[in-house]
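This report concerns only the one structure given below.
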Amino acid sequence: MTMQAASTEIASRTAAIIDEMKGLEGPLLPILHSIQEEFGYVPKDALPVIADGLNLSRAEVHGVVSFYHDFRAKPAGRHVLKLCQAEACQSMGSDAVAAKVKQLLGIDFHETTRDGSVTLEPVYCLGLCACSPSAMLDGEVIGRLDDEKIEEIVAEVRS
Amino acid sequence: MIPRIYVPADSGALALGAEKVARAIEKELKERGVEAKIVRNGSRGAYFLEPMVEVATDKGRVAYGPVKPSDVKSLFDSGFLTGGHHKRWLGAPDKIPFFAKQTRLTFARCGINDPLSLDAYKSLGGLRGLQNAVAMAPADVVSQVTESGLRGRGGAGFPTGIKWKTVLDTAGDQKYIVCNADEGDSATFADRMIMEGDPFVLIEGMAIAGIATGATKGFVYIRSEYPHAVATMNKAVAIARKAGVLGLNVLGSPNAFDMEIRVGAGAYVCGEETSLLNSLEGKRGVVRAKPPLPAIQGLFGKPTVINNVISLASVPIIMDKGAAYYKDFGMGRSRGTIPIQIAGNVKQGGLFETAFGLTLGEIVDEIGGGTASGRPVKAVQVGGPLGAYFPRALFDTPFDYEEFAKRDGLIGHAGITVFDDTADMLKQARFAMEFCAIESCGKCTPCRIGSTRGVEVLDKVAAGIEAEKNLALVADLCNTMKFGSLCALGGFTPYPVMSSITHFPEDFKPAPARVAAE
Numbered sequence: 001m002t003m004q005a006a007s008t009e010i011a012s013r014t015a016a017i018i019d020e021m022k023g024l025e026g027p028l029l030p031i032l033h034s035i036q037e038e039f040g041y042v043p044k045d046a047l048p049v050i051a052d053g054l055n056l057s058r059a060e061v062h063g064v065v066s067f068y069h070d071f072r073a074k075p076a077g078r079h080v081l082k083l084c085q086a087e088a089c090q091s092m093g094s095d096a097v098a099a100k101v102k103q104l105l106g107i108d109f110h111e112t113t114r115d116g117s118v119t120l121e122p123v124y125c126l127g128l129c130a131c132s133p134s135a136m137l138d139g140e141v142i143g144r145l146d147d148e149k150i151e152e153i154v155a156e157v158r159s
Numbered sequence: 160m161i162p163r164i165y166v167p168a169d170s171g172a173l174a175l176g177a178e179k180v181a182r183a184i185e186k187e188l189k190e191r192g193v194e195a196k197i198v199r200n201g202s203r204g205a206y207f208l209e210p211m212v213e214v215a216t217d218k219g220r221v222a223y224g225p226v227k228p229s230d231v232k233s234l235f236d237s238g239f240l241t242g243g244h245h246k247r248w249l250g251a252p253d254k255i256p257f258f259a260k261q262t263r264l265t266f267a268r269c270g271i272n273d274p275l276s277l278d279a280y281k282s283l284g285g286l287r288g289l290q291n292a293v294a295m296a297p298a299d300v301v302s303q304v305t306e307s308g309l310r311g312r313g314g315a316g317f318p319t320g321i322k323w324k325t326v327l328d329t330a331g332d333q334k335y336i337v338c339n340a341d342e343g344d345s346a347t348f349a350d351r352m353i354m355e356g357d358p359f360v361l362i363e364g365m366a367i368a369g370i371a372t373g374a375t376k377g378f379v380y381i382r383s384e385y386p387h388a389v390a391t392m393n394k395a396v397a398i399a400r401k402a403g404v405l406g407l408n409v410l411g412s413p414n415a416f417d418m419e420i421r422v423g424a425g426a427y428v429c430g431e432e433t434s435l436l437n438s439l440e441g442k443r444g445v446v447r448a449k450p451p452l453p454a455i456q457g458l459f460g461k462p463t464v465i466n467n468v469i470s471l472a473s474v475p476i477i478m479d480k481g482a483a484y485y486k487d488f489g490m491g492r493s494r495g496t497i498p499i500q501i502a503g504n505v506k507q508g509g510l511f512e513t514a515f516g517l518t519l520g521e522i523v524d525e526i527g528g529g530t531a532s533g534r535p536v537k538a539v540q541v542g543g544p545l546g547a548y549f550p551r552a553l554f555d556t557p558f559d560y561e562e563f564a565k566r567d568g569l570i571g572h573a574g575i576t577v578f579d580d581t582a583d584m585l586k587q588a589r590f591a592m593e594f595c596a597i598e599s600c601g602k603c604t605p606c607r608i609g610s611t612r613g614v615e616v617l618d619k620v621a622a623g624i625e626a627e628k629n630l631a632l633v634a635d636l637c638n639t640m641k642f643g644s645l646c647a648l649g650g651f652t653p654y655p656v657m658s659s660i661t662h663f664p665e666d667f668k669p670a671p672a673r674v675a676a677e
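From first to last, the protein sequence lines stand for chains A and B.
This note's numbering applies: residue 1 is where the first sequence begins, and numbers increase by one.
This note's numbering applies: residue 160 is where the second sequence begins, and numbers increase by one.
Right, here's the structure in full:
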C-alpha cells in the first residue's frame, strides 16, 4: 500500500476518479478524499490532473490540498494513531498520555516510525469528551485511555 | 416473542467496548442455544453507564451497565433476558435519575431503537412534523418556527425562524439547506449522537426547512473525525429516499427535496458558516466577509439556510406539537430545551437535555456529580475552545444565552468541560492561543498573527519575564482580536484567555512565586 505508484499510473487512476465524481456540485473535496482513499495520500502527480479535469489552476488545487489537515503529501505508516489533545481530554491527562505514547514509539506528533508501522497525529476532538482521554486507531475509537490500553495499542501497532 | 437485546453502536459506547460486549453476547447465545435478537441502537447519552445493554421484557425495558465482556456470562446466569438481578442492573432506563430528570424533546428517540429503522422512527412520532409541514403554506411553517423561539444551537443563538424568513423572501432559481455538522468544539458531541442515534430526525428537519423556504437541495457537512456518523447518515439518506421521505415528491406532496452527505477534511474553522460554504464549494475553508448574508448569497451564491444539526433536529417536534408547546420550556429569551454535554473530568459525563435555566452549579455538581478524580472543581469551560473558563464563584449563573453573556461567557454549543484543581490556567490560556494559531484560516490579521503573538507573550509570562507588563499586552491583544477579527475563531479566543486571567490570577504570577506557592 505504501509503495508509491508510478506517475502515469497515478494520472490514470486520478482521471478515473475525476470522471466518476465531477458531476457533483462542488466536487473537489469528495475527489480529494477518494484520491487519498485510493493511494493513501494525495500524490503530487495527481494535482495537475485534477486542475485539468475541473478547469482550475494548479495553484488553486494546491491551495485547497494544503489548507486541510487531513490530506497527506506522502503515505502514512501502516497504522495511523490519533490522540485527542483538546480541552476535555486535557482535563483527564491527555498530555501524559501523549508523552507516554511518544516515548514508547520513539516518535513525535506528525512523524512515522522508521519501520513504517505507525504514524502518530494529534487530533482536536473526536466527540468522545465524556470518555476522555480518547484516541482513534485506524478509524476505531478508544475511550478512557489508561496505561494498560496504551500498552495494548502500542503492542498492536508494533506487531 | 424472541427476546431483544439492545447493545449501542454509538461511537462513544464503541470507544468503551460495546463491540466486544455485543460479540460476547452473541457467543453466549450460541453456546447456550438461546434465540434472541441483538439490536444495535444509538446511545441515550449516559456515558458513565456505557456500554449500557438493555433487554425488552414483558414489563418494559431493563438496563444493565456499564457492561464489560467479562460480565456477559454472569448476566445470562442471572436471567437478564427477563430482567433478572445482577450487579450491573440499573432497572427501567427512564427511571435512572440521570434520564428521569431530563426533558427530552430533540433527543426523544435517540438511543432507543435501531437508528436506521424508519418504522421504529415512525412508531415514536417521527415524520408527523413533516406531514404537517407539507400541508401548510411555506410562510406558515416559517412563522411556526419563529414563534417557537428556537435559536441557533450551533453557538451564535440567532433566531432560526428569522433566518428562514430571509431565505423564503429572497428570490432564487435554486436555494439550499446546509446543515453544519462540523462539530469541532471540545466537550460537544450532541450532533454526533443525533446523527448516529436518530438520523431521520435531522433528515426530517432539513426537509421541513426546504419546504418552508423553497429550497430543493440539502447538504450535511460532517467532520471527518466522525466516520460513524458519516456512515449512518449516508445509509439513512438512502433509506429516506427509497421511502419517499426525500425525492421529487416529499411524502407524496408536490414538494421536491433531496440531500447529500459531505465530509470535511480536518479544518476546525470550517465550523464557521461562511468557511463551511467555501469548503462545500471545493475551495479553501477561508471565512467570507458578511454582508452578504448566506441567507441572500450563500452556497454557490444562492440563498442558503445554514443551521446547526441540533437546530434542524429540533424543528420536527415544533412542527408536530406546535410552537407554543416548545416555547413553553425555558427562560427569558432562551426558549425550549438545550442538550447540555457534560464532559472532561466529571463523574457522570454525558448528554443532558433540559429546559434552559438550570444553574451551572446544578449541572456540574448535581447532574455531573463533581469530578471523576474526586478532587475539587477548579474551573469549567463552557462553550468549547472559544468559551470562557468559569470558577466556582460563578456557579450560580443560569444556563441561558443572555445570562452567560452578562458574565463575559457564552454557552456556545452547550458543552461543558470540567477541570479539577490540578489544572494550570496559564497553560489553558496558552492552549487557546495555540489552537487559534493552528486552526486560523489566515484571512484576517488579528487572528492569524495575534494568536501566534499571544502564545509568545504568554510564554514570557510563564517564564516570569515582566509578567505584569506582558499581561497588559495580552489584554490589549485580546481586545484587538475580539473587535478586529472577521469571525468567532479570532473573535472569541479572547474569552478563554481573559477569563483565565481574570478569574485565576494566581496562576499567572511570575514563575518563582508560583513554585514557592506550590
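Just so it is clear, CB atoms sit at the ideal spot from N, CA and C, and this is done for glycine as well.
Between residue i and residue j, is the Cβ-Cβ spacing less than 8 Å?
i: proline 167(B); j: methionine 211(B); result: yes
i: valine 577(B); j: threonine 530(B); result: yes
i: aspartate 580(B); j: arginine 534(B); result: yes
i: leucine 439(B); j: leucine 458(B); result: yes
i: glycine 689(B); j: glutamine 507(B); result: Lying before the first or after the last residue shown, residue 689(B) is absent from chain B, which here runs from 160 to 677.
Give the secondary structure of residue i by DSSP, where H, G and I count as helix, E and B as strand, and everything else as coil.
i: alanine 135(A); result: strand
i: alanine 675(B); result: Below a pLDDT of 50, predicted positions are generally treated as unreliable, and alanine 675(B), at 49, falls in that range; the measurement from the model is reported next regardless. Here alanine 675(B) sits in helix by DSSP.
i: alanine 573(B); result: coil
i: arginine 191(B); result: helix
i: arginine 551(B); result: helix
i: glycine 601(B); result: coil
i: lysine 461(B); result: coil
i: cysteine 269(B); result: coil
i: isoleucine 624(B); result: coil
i: arginine 400(B); result: helix
i: glutamate 148(A); result: helix
i: glutamate 87(A); result: helix
i: arginine 220(B); result: strand
i: lysine 668(B); result: coil
i: threonine 112(A); result: strand
i: glycine 489(B); result: strand
Quick one: using the 10 Å Cβ neighbour count with 16 as the cut-off for buried, is residue i buried or exposed?
i: serine 202(B); result: buried
i: lysine 196(B); result: exposed
i: serine 7(A); result: exposed
i: proline 664(B); result: exposed
i: asparagine 291(B); result: buried
i: phenylalanine 651(B); result: buried
i: threonine 14(A); result: buried
i: asparagine 437(B); result: buried
Name the chain B residues whose beta carbon is nearer than 7 Å to that of residue i?
i: phenylalanine 71(A); result: Ala424
i: phenylalanine 67(A); result: Ala426, Arg443 and Gly444
i: arginine 141(A); result: The identity of residue 141(A) in the sequence shown is valine, whereas the question assumes arginine. In chain order: Ser170, Leu173 and Ala174.
i: alanine 155(A); result: Chain B residues near alanine 155(A): none, gap ~17 Å exceeds 7 Å.
i: leucine 126(A); result: Glu384
i: serine 134(A); result: Ala174
i: valine 123(A); result: Glu384
Could you name the residues that DSSP lists as bridge partners for residue i?
i: histidine 79(A); result: Val118(A)
i: leucine 510(B); result: Gln500(B)
i: glutamate 140(A); result: Leu137(A)
i: lysine 376(B); result: Tyr335(B) and Asp417(B)
i: arginine 72(A); result: DSSP lists no partner for arginine 72(A).
i: arginine 163(B); result: Lys196(B) and Ala215(B)
Using the beta-carbon of each residue, which ones in chain B are nearer than 9 Å to residue i?
i: leucine 120(A); result: The premise fails here: leucine 120(A) is roughly 15 Å from chain B at the closest Cβ pair, so nothing lies under 9 Å.
i: arginine 144(A); result: Ala174 and Leu175
i: histidine 33(A); result: Ser383, Val422 and Ala424
Using the beta-carbon of each residue, which ones in chain B are nearer than 8 Å to residue i?
i: valine 64(A); result: Gly441, Lys442 and Arg443
By the criterion of Cβ-Cβ separation under 7 Å, what are the contact partners of residue i in chain A?
i: valine 577(B); result: Ser91
i: aspartate 666(B); result: Those do not exist, as aspartate 666(B) stays about 15 Å from chain A at its closest Cβ, beyond 7 Å.
i: serine 383(B); result: Asp70
i: asparagine 200(B); result: Correct list: empty, because the minimum Cβ distance to chain A is about 17 Å.
i: tyrosine 206(B); result: Ala130 and Cys131
i: alanine 346(B); result: Glu87, Ala88 and Cys129
Kindly say whether residue i, judged by its beta-carbon, lies nearer than 8 Å to any beta-carbon of chain D.
i: proline 48(A); result: No chain D is part of this structure, whose protein chains are labelled A and B.
Note down, in chain order, every chain A residue with its Cβ under 8 Å from the Cβ of residue i.
i: isoleucine 501(B); result: Ala130
i: glycine 520(B); result: Result: empty, since nearest Cβ-Cβ is about 18 Å, beyond 8 Å.
i: glutamine 290(B); result: Correct list: empty, because the minimum Cβ distance to chain A is about 29 Å.
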